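Note sheet for the following structure.
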Amino acid sequence: MKFTVTKQALLDGLQRIQNIISTRVTLPILSNLLLEATEHGLTLVATDREVSLRTFVNAIVIDKQGSTTLPARRLLSIIRELPIEEISFETDARHITSIRSGASFFKIFGLPKDEFPEFPSLEETRGFIMKQGVLKDGLHKTSYAISLDASRYVLNGILFSFKEGSLTLVATDGRRLALCDAELGEIKYPADHECDFIVPTKAINELERLLLDEQEVRLFVGDNLVAFDLGGSVLATKLVDGKYPNYRQVIPSEATERITLEREQLLQSVRRVALLSNDRSGSICFHFSEHNLDITSNTPEVGEAKESLSIVYKGPRLSIAFNPDFLMDPLKNLNDDFVALELIDEMSPGVFKINSGQRFLYVLMPIRVSK
Amino acid sequence: MGSIRLLSDLVASQVAAGEVVERPASVLKELVENSIDAGAQRIEVLFAQGGLKVIRISDDGCGMDRSDALLSLERHATSKIRTLEDLSVIGTLGFRGEAVPSIASVSRFRLSTRPRTEDSLAGTEVIVDGGKIVGVSDSGQAYGTQIEVKDLFYNVPARRKFLKSEKTETAHLLEQLQILAVAHPEIAFTCLHEEREVFRLAATNSLAVRLRDLYGSSFLQGMTEVQHIEVEEINVHGFLARPGEGRSDRSQQLFFINGRMVRSPLLSMGLREACDGILPKGLHPQAVLFFQMDPAIVDCNVHPAKREVRFQEPGKIKVALLRAAQEVMGNYARVTTPLPLQEMGRPYSMVRSDAVHPFLPVIQPALVEDGSTFVQEKNISFPPETEDQNKQPSADALLEHQGSGSCEPPPYRYVGSIAERYFVLEEGDGFTLVEVRAALERITYERLKGSLASGMLERQQLLLSEIIEVSASQCAWIMAHQAFLEKAGLEVEAFGQGATGHASKSIKIDTIPVLLKEVPVTQLVHELMSDIQSEEAKTKDPVLQGIRMSEEALARSISRMTAKAQKIAYDETTAMMLLGDLIKCEFPYATPSGRPTMLQFSEAEIEQKFRC
């Protein structure tokens, strides 16, 4: 294999791919990435056997087609340091790769391709197509609610639910739940394509990094596999095996109070009040009274904080405590100017909604301060 | 036939001597105790060659007339008890009437005494040799009694062989005398060894002064006073190590019951238990504790040398001890926090094994006038709240805590962190290593104890209830502890059969403690369960269960898990905050389970290590 690339193109490719490689690899080959030079150009592949990413790099010239695998992190650090724009690679039969760039010369021992796990094949059972920006937005509005508790593995990802012509994304960690409809717009899919699947957290994180705005993304959904074709890159991931909990039953069907709040203002207030919530563990309290919302917190032996917001509220006095981090998460990740908070009483979940046409729900369980 | 014979008095005495007179120190103990029982104000002890050559005890007690003096040499002759009933209410140190004749039977013995009566014009001198009276005569002397024991065991060569070196026996003699002197500060003691004065202790009514005189003021600096705590008709007073202080052995624990030094596993283990959560495992607090109780409830007629006692109600004694320790340590901390670290007494790491052993005999005159005036511990008042079973800090205590003193930033400079586990902080003359998780555990534990007491542990309601599978027995345990777990913020419900196993059960969890939101719920339930179960197994004693509430086990368990799960930034701000929080704790030096939270290294210590 022999080819020449620009430093920038290769670096971009390596950076897209580097997160896939696990820091704790079980097989040495998994810390390598696969380089394949074909007539179309150069592709880089990395995998941790759960999530795989293949990305395309424009080469200046392919002198000789072929493939090899090279240690990914080392390669990245070398390329980053090279002073000259043009870099040429040449791999011999013993998988020793020479890298030349101006006066610099490196020789790296690689491993043959045979041991490298094969990139999952995309059986086109079900295909969906949508704007990358739409998916990115949907993931952004839900991914913070993913559970990190490995023992509840079905919650370690986002539920993709293709139903009735729309796509609903759901994430929950058992304490709060974020749900968002991705706007497919004109794009339709046949009814027999309806399906539910759970995309694991790592793939979600990579997607959020990789997704752009304008281009399209194609989804290919297999039985235990999904692939996202982003054009220049393809991300394939195993699905989380298991049944997602019935999230619909925890969404309150109606509320007694609906309060519209300025998102940015609320976020700032919560952030300030949270400074005096009981360390990382504590809660902050919302006290609603006529046209006023007091947000308070206190830590014994340290002090207390209070912020008052004037709001439109005519209901009865109501106090409800929440985890401030859980409050801030959606407020940080939404971009609407206003959010609506729907409440029933101090024991029932509160629900954040947005007023734009898109369906977004954030269900949050309150904290019970005393019995 | 005729092979069973009554032993002659002499043989019987020597047999008894084998029990009572084990070594020269036992002679000293028996004789000095007699002097104390005789109401002496002043006791002088002289010995030479480890007590084998001579032990001489002189007192200014009540003395004896001639007939008493002779009778005292008969076996089982005593002035201290008369009837069997007296035996159950012994108020004196001796009572068997065995010691003097036993000693006399194994030595060359001289007793000279003069009673404090107006008609006694002269004293009596009795000379005994190997148990046989060889001379009785008048003697001119002061009031009181003087006993001289020479050539101990001269007629029991076997026993003599088993004695240790002269030095060891000297050490035993001194230790014995020191113990007696601690027990009786009101008596002046003089000790002479081979013509040289070892110590001369003035009579005092303060135990503190006596301890200072004997062991030096540094010993007292690590101690805090226990001021007459009355629990269940048992009065406890004395000195106890400050929180965080301890030694790796129990040699520095002296327990006196009604003025008699006893060795009691019950007491030493009870004390260790009382220090659980305050003192790292494997360390024992120094203690000089006096228990006063109705003689009727303690049987001291168990051991010939009366070193062991039996309690009618061991539970009572243990409770008294626990209560005393808890009150002392709790109050001590409450009054003195927040204090800069240095003033709180040295953390245990500074207690080096090679440090001067305060209970080992001091062979130089202890009357060192170093010019330093002795400052007694700050007086601490102990509310007599014996009824109050609840030893958790009350709201009042918390207020008091808040009001006490300013929170000056500690004089520490952040140096860095090691291995995402320790903070390194430089202080005045050395550095301190803080084990982050341990420190967090201590801090969380103390906060938690307060919240648990007021029943206010914040709980996060779950949007999706967690269903976890447990065994049938675990399910039964959980259901039995439902209310208890709810206190911790864990609301559980039985949820029928388990999904997989036939015998397994499901439980449904609706809320979790906010503190533990990072911990997987299944793990949380199982760890909590095993922690509390093992704690319950430890405390079988129902009396103790009342005091050592299982809430404490709960607090320990939760704080341990929280500390493990909490995310920490290893930077200066966090380090200083952590240290500030830690110092505010009642017992900053160890986790509730006894792991150290910080280690201090003094410059001198480091220098020592670099010396060749």
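Chains as they are written, first to last, in my numbering: chain A, 302 to 672; chain B, -10 to 601. Positions of the beta carbon are idealized from the N, C-alpha and C atoms, including for glycine. Note that this is a predicted model, so its numbers are computed, not measured.
If the five residues before and after A347 of chain A are omitted, its C-beta is found closer than 8 Å to the C-beta atoms of I318, Q319, I321, I322, L334, L335, S353, L354, A373, all from its own chain and listed in chain order. With three or more CB-CB distances shorter than 8 Å, the segment 31 to 39 of chain B counts as touching the segment 172 to 191 of chain B. Around the beta-carbon of F653 of chain A, 16 or more other beta-carbon atoms lie within 10 Å, marking it buried. Interface residue (Cβ-Cβ distance to chain B less than 8 Å): N636 of chain A is not classified as such.
Secondary structure in the segment 419 to 446 of chain B: the beta strand (DSSP E) runs of 3 residues or longer, each lying completely within the stretch, are 419 to 424 in chain order.
At least one C-beta of chain A is nearer than 8 Å to the C-beta of V503 of chain B. Between V9 of chain B and A88 of chain B, the C-beta spacing is below 8 Å. For E11 of chain B, there is no enclosing beta strand (DSSP E), as DSSP gives it neither H nor E. Less than 8 Å separates the beta-carbon of K494 of chain B from that of V459 of chain B. Residue state for V291 of chain B is assigned as coil, using DSSP reduced to three classes. Classified as buried, A472 of chain A has 16 or more neighbouring CB atoms from the shown chains inside 10 Å of its CB.
Contact of L478 of chain A with chain B by beta-carbon distance below 7 Å involves L452. The count of Cβ pairs closer than 8 Å, one atom from the segment 451 to 469 of chain B and one from the segment 496 to 512 of chain B, reaches three, so the stretches are in contact. The C-beta separation of D48 of chain B from S24 of chain B comes to about 4 Å, placing the pair in contact by the 8 Å criterion. Residues of chain A whose Cβ lies closer than 8 Å to the Cβ of P509 of chain B are, in chain order, D450, A451, S452, R453.
Within chain A, the residues whose beta carbon sits less than 7 Å from that of T500 of chain B are R669, listed in sequence order.
By the 16-neighbour rule on beta-carbons within 10 angstroms, V43 of chain B is buried. Listed in chain order, the positions of the segment 652 to 666 of chain A with a beta carbon within less than 7 Å of a beta carbon of chain B are V664, M666. The beta carbons of L526 of chain A and L540 of chain A sit closer together than 8 Å. Membership of P90 of chain B in the alpha helix (DSSP H) is indicated by the continuous run 88 to 94.
Proximity to R573 of chain A across A:D626, A:Q659, A:D493 peaks at A:D626, based on C-alpha coordinates. The beta carbon of E455 of chain B falls within 8 Å of a beta carbon belonging to chain A, placing the residue at that interface. Against N624 of chain A, the close residues of chain B are Q449, V503, K506, in the order they occur along the chain (beta-carbon pairs closer than 8 Å).
When rounded, the separation of the alpha-carbon atoms in V225 of chain B and I218 of chain B is 5 Å. Using a Cβ-Cβ cut-off of 8 Å, Q471 of chain B does not count as an interface residue toward chain A, since no Cβ of chain A sits closer than that to its own. Against Q512 of chain B, the close residues of chain A are S452, in the order they occur along the chain (beta-carbon pairs closer than 8 Å). Within the same chain, V471, I499, Y545 come within 6 Å of L460 of chain A by CB-CB distance, once the 5 residues on both sides are set aside. Counting along the chain, F178 of chain B sits inside the beta strand (DSSP E) bounded by residues 177 to 182. A distance of 8 Å or more separates the beta carbons of V215 of chain B and V251 of chain B. In this chain, the alpha helix (DSSP H) harbouring Y204 of chain B covers 196 to 204.
Annotation for D497 of chain A: S462 place their beta carbon closer than 6 Å to its own, counting only its chain and skipping 5 residues before and after. Looking from the CA of L662 of chain A, the closest CA among A:D638, A:E416, A:L576, A:Y548 belongs to A:Y548.
One thing to note: A427 of chain B has its Cβ no nearer than 8 Å to the Cβ of T563 of chain B. The shortest C-alpha to C-alpha distance from R231 of chain B to any of B:T67, B:V277, B:Q471 is the one to B:V277. At a C-beta separation below 7 Å, S554 of chain A has no neighbours in chain B, since its nearest C-beta there lies roughly 15 Å away.
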